[in-house]
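Counting from 472, one number per residue, gives the positions in the first sequence under my numbering.
We put the CB at the ideal spot given by N, CA and C, even for glycine.
Notes follow the structure.
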Amino acid sequence: MKFSEAFIFTSKDVPSEATLPSHIYLLKGGFIQSVGAGLYNFLPLGKKVLDKVHAVVKEELDTAACQEVELAFVTPSEFWIESGRFEKYGKELLRFKDRKDAEFVLGPTHEEMMVNLVRSYVKSYKQLPINLYQIKTKFRDEIRPRFGLMRGREFLMKDGYSFHKDEESMIKDGFNKMEETYSNIFKRLGLDFRVVEADSGAIGGSGSKEFMVLADSGEDTIVVCEECEYGANIEAAVRANPKAPHEVNSEYERPEMNFGKFLTPNVKTIDELAEFFKIEPYYTLKVVAKKALYDDGVEKIALFGIRGSDELQEVKACNAVNANELIDISDEELQEAGLTPGFMGPKDLPEDILFVADNQLKGEISTIAGANEVDYHYVGLNLVELGLEYKDLVAVKEGDKCARCENGKLKYTKGIEVGHIFQLGDRYSAPMKAEFLDENGKSKPFLMGTYGIGISRLLAAIIEQNHDDRGPIWTKESTPFDLEIIVSNIKKEEELSLGERLYKELSKDFDVLLDDRKERFGFKISDFELLGIPYAIIVGKKVKDGLVEIVNRKTLEKEEVSIDEVASKVRGYLV
RNA sequence: CGGAGUGUAGCGCAGUCUGGUAGCGCACCUGGUUUGGGACCAGGGGGUCGAAGGUUCGAGUCCUUUCACUCCGACCA
């Protein structure tokens, strides 16, 4: 491609709302154009990168025996009603009616469509396993799109779905195979990433892992172990059971108070309680109150009991009570329900209040907890006698011990979620009656896996991880052009003709951009840096001495080479 | 959805407080000079000031309504 003929418009200015490097450079370099909240046009450069990423993903998936399909973007709402998600998905699902008043949704993900497709053809276990995918525009009416391609409303996603006859196949042929395939994809794209344990969220199902590109600008907090390979999204992270203060430090003693219901006037917070009894917060029980929202507008008050030294992890809490969402609740609402903010506890609760205790309180026979009565706490409360429900509720903190190796310290880091794989089981196939006949002639729902990659988000992720203060630095498999040839001054006949000769020759094997614009050198080299192409050949002043230069975009180093050698030298760098 | 803010030329902004008929930089067009780190000179084109209504002799500026967008928090590839 000749730059003088290309639809490439770089800019020195950038809309002030762009804050992330990826957003800034994609706009400045003329890769994308913003057209509305979370909506972008891909210009030729952006489209080229998109296609490169697309190609890598397709190649690896096809190698893993996945087959590409393309499903309708406009999907009849009946499938969504069948799966139960029509109600559940909420406002993110864009719904509309056609002229005949039939209801449709714009596909935000395609489980329903894919289940419908497979159930209409596959009838026998002999036809399994199957793994189908598509790379297609999705639409999610996000509450708050932001950060350019990082969180758009319309975006390009690879979504794949596998169908299996049993759990073993679902894990081995589906989940594990995709974990490996995804790792290959992100490696090829040159990304530094981590596979982490994840919460399954709204899509449902059991096991799930996320592929996180490590970057400070990431929206997700992930917990990683300093010693072993353990990594998890903060929403799903677990830790080794922390030791009690008296087990760690002989200066402390385990409090052995047993006062029953005890007057604690105006002692409301954990800090006050610990101070009042002169003990560590570990020996107290903290209650966090939330309002849990369910289908059809049902609301319940949910209380979560954790150690005074811990923090509640809201996603875990939400899953623990099977709610669609947890929201904050006011003291007034709690009082109306017969609760006593500041003195809430697991014993003597009013009716209709959900109470879940954290796993790490299991077996606790002496703690201090609110008595559900103003100014009173139970001291020496035995939780075992209460028959509580236990779930994992706590947020892992930096410095906690790893549950896997029981040795390493856990720390936080930031990540961009570029891939997510789930074991779905029969979450969709059962309600949608997608069944096959097994070896015994018995009808069973398919067991499924679902696998996503944010293709357009990957462009942003690649830049977040690969840029300097002049622009992006595309990786080998993502760059819009392999090489740029800069003709320093097109009015110098020997420069222009050499540039064109090299361009012709190298274009046989590479995708080359020839900057033949009537601009000054400085202008062109800055554009090269802003486009982020890995290498450039500068054809300039020294042509008369038989020399040109090769620039490495990453290091910005220039290397003088003779005209005769340049083609073979560049080939060496590019292959 | 809560909080904050912005809509003026393709982009970035000033002008709004204190009403008097729209300006700067970049980009674009023409001519010339220049040519290794985003050049210079001269000339030129382009805006019903987000929209609607109101106050006024007169509104980018004041009032009302409305729409859109952005930023910070709860959701997600």
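Nearest candidate by alpha-carbon position, reference residue i, set the options
{"i": "Val758", "options": "Val827, Glu796, Tyr701", "result": "Val827"}
{"i": "Gln598", "options": "Leu516, Phe893, Leu908", "result": "Leu908"}
{"i": "Arg928", "options": "Ser837, Arg1042, Arg570, Gly619", "result": "Gly619"}
{"i": "Glu668", "options": "Val694, Asp644, Glu690", "result": "Val694"}
{"i": "Lys609", "options": "Ile926, Gly1011, Arg1042", "result": "Ile926"}
{"i": "Arg1042", "options": "Asp982, Ala536, Leu744, Ser997", "result": "Asp982"}
{"i": "Gly1011", "options": "Arg972, Leu967, Tyr883, Glu530", "result": "Leu967"}
{"i": "Asp939", "options": "Ser1039, Leu1002, Ala489, Met628", "result": "Leu1002"}
{"i": "Lys1047", "options": "Ile944, Phe999, Arg1024, Leu930", "result": "Outside the displayed span of the chain (472 to 1046) sits residue 1047, for which this structure offers no information."}
{"i": "Leu969", "options": "Asp986, Asp953, Asp980", "result": "Asp986"}
{"i": "Phe544", "options": "His525, Lys979, Phe626, Glu530", "result": "Phe626"}
{"i": "Pro902", "options": "Glu582, Ile800, Gly890", "result": "Glu582"}
{"i": "Ser595", "options": "Ile750, Val855, Glu910", "result": "Glu910"}
{"i": "Glu955", "options": "Thr884, Gly623, Leu977", "result": "Leu977"}
{"i": "Asp863", "options": "Arg622, Ala808, Glu706", "result": "Glu706"}
{"i": "Lys739", "options": "Asn704, Arg972, Gly779", "result": "Gly779"}
{"i": "Glu549", "options": "Tyr592, Leu805, Ala573", "result": "Ala573"}
{"i": "Lys743", "options": "Phe814, Ala686, Ile1021", "result": "With the sequence shown as reference, residue 743 is identified as Glu, and Lys is not the correct amino acid for it. The residue with the shortest Cα to Cα distance from Glu743 is Phe814."}
{"i": "Ala526", "options": "Ser949, Leu918, Thr811, Ala866", "result": "Ser949"}
{"i": "Ile944", "options": "Phe999, Arg988, Arg725", "result": "Phe999"}
{"i": "Arg725", "options": "Lys643, Gly851, Glu844", "result": "Gly851"}
{"i": "Ile1009", "options": "Ile1021, Tyr861, Gly1017", "result": "Ile1021"}
{"i": "Met472", "options": "Ser959, Phe994, Asp953", "result": "Asp953"}
{"i": "Leu603", "options": "Ala536, Arg615, Lys571", "result": "Ala536"}
{"i": "Ala866", "options": "Ser493, Asn704, Phe480, Ser801", "result": "Asn704"}
{"i": "Pro716", "options": "Lys833, Tyr1006, Tyr753", "result": "Tyr753"}
{"i": "Thr534", "options": "Lys559, Ile656, Leu984, Glu844", "result": "Ile656"}
Pairwise C-alpha distance: residue j and residue i
{"i": "Thr652", "j": "Leu532", "result": "7 Å"}
{"i": "Ser482", "j": "Glu539", "result": "38 Å"}
{"i": "Arg871", "j": "Lys880", "result": "A quick correction: the sequence has Asp, not Arg, at residue 871. The alpha-carbon atoms of Asp871 and Lys880 are separated by roughly 6 Å."}
{"i": "Met585", "j": "Tyr632", "result": "7 Å"}
{"i": "Val1037", "j": "Gly678", "result": "52 Å"}
{"i": "Ser837", "j": "Lys749", "result": "15 Å"}
{"i": "Ala840", "j": "Glu727", "result": "14 Å"}
{"i": "Val1046", "j": "Ser1033", "result": "20 Å"}
{"i": "His635", "j": "Leu588", "result": "15 Å"}
{"i": "Ile777", "j": "Glu835", "result": "11 Å"}
{"i": "Asn853", "j": "Val792", "result": "23 Å"}
{"i": "Leu857", "j": "Glu807", "result": "24 Å"}
{"i": "Glu476", "j": "Asn937", "result": "28 Å"}
{"i": "Leu513", "j": "Val506", "result": "In the sequence as presented, Leu is not what sits at residue 513; that position holds Phe. Each residue's alpha carbon lies about 10 Å from the other."}
{"i": "Arg972", "j": "Arg991", "result": "21 Å"}
Distance CB(residue i)-CB(residue j) smaller than 8 Å
{"i": "Phe682", "j": "Val666", "result": "yes"}
{"i": "Lys771", "j": "Ala788", "result": "no"}
{"i": "Phe575", "j": "Thr546", "result": "yes"}
{"i": "Ser846", "j": "Thr735", "result": "It is worth fixing the name first, because residue 846 is Asp in this sequence and not Ser. Yes, the pair counts as a contact, with Cβ atoms nearer than the cut-off."}
{"i": "Tyr511", "j": "Gln504", "result": "yes"}
{"i": "Glu932", "j": "Val684", "result": "The sequence shown places Ala at residue 932, rather than the Glu named in the question. Yes."}
{"i": "Gly920", "j": "Met649", "result": "yes"}
{"i": "Glu935", "j": "Ser654", "result": "no"}
{"i": "Glu613", "j": "Gly509", "result": "yes"}
{"i": "Lys518", "j": "Ile606", "result": "no"}
{"i": "Glu698", "j": "Tyr723", "result": "no"}
{"i": "Gly731", "j": "Tyr849", "result": "yes"}
{"i": "Glu888", "j": "Asp691", "result": "yes"}
{"i": "Leu764", "j": "Asn795", "result": "yes"}
{"i": "Pro600", "j": "Asp644", "result": "yes"}
Heavy atom of the ligand GDP within 7 Å of residue i beta-carbon
{"i": "Asp823", "result": "For the ligand GDP, the structure offers nothing, since it holds no ligand at all."}
Those residues which DSSP pairs with residue i across a bridge
{"i": "Gln538", "result": "Leu603"}
{"i": "Arg665", "result": "Met683"}
{"i": "Gly920", "result": "Ser633, Gln894"}
{"i": "Ala840", "result": "Tyr849"}
{"i": "His938", "result": "Pro943"}
{"i": "Ile824", "result": "Ile772"}
{"i": "Val758", "result": "Gly776"}
{"i": "Thr546", "result": "Val576"}
{"i": "Phe907", "result": "Lys915"}
{"i": "Leu627", "result": "Thr608"}
{"i": "Ile1009", "result": "Ile957, Glu1020"}
How about the segment 870–888 and the segment 709–729: do they share at least three Cβ pairs that are nearer than 8 Å?
yes
Do the segment 893–903 and the segment 812–825 make contact, defined as three or more Cβ pairs closer than 8 Å?
no
Can we say the segment 548–563 touches the segment 655–663, given the rule of at least three CB pairs closer than 8 Å?
no
Within the chosen definition, does the segment 775–790 reach the segment 825–839 through at least 3 CB pairs nearer than 8 Å?
yes
Decide yes or no for the touch test of the segment 1028–1038 against the segment 951–968: beta carbon pairs closer than 8 Å, at least 3 of them.
no
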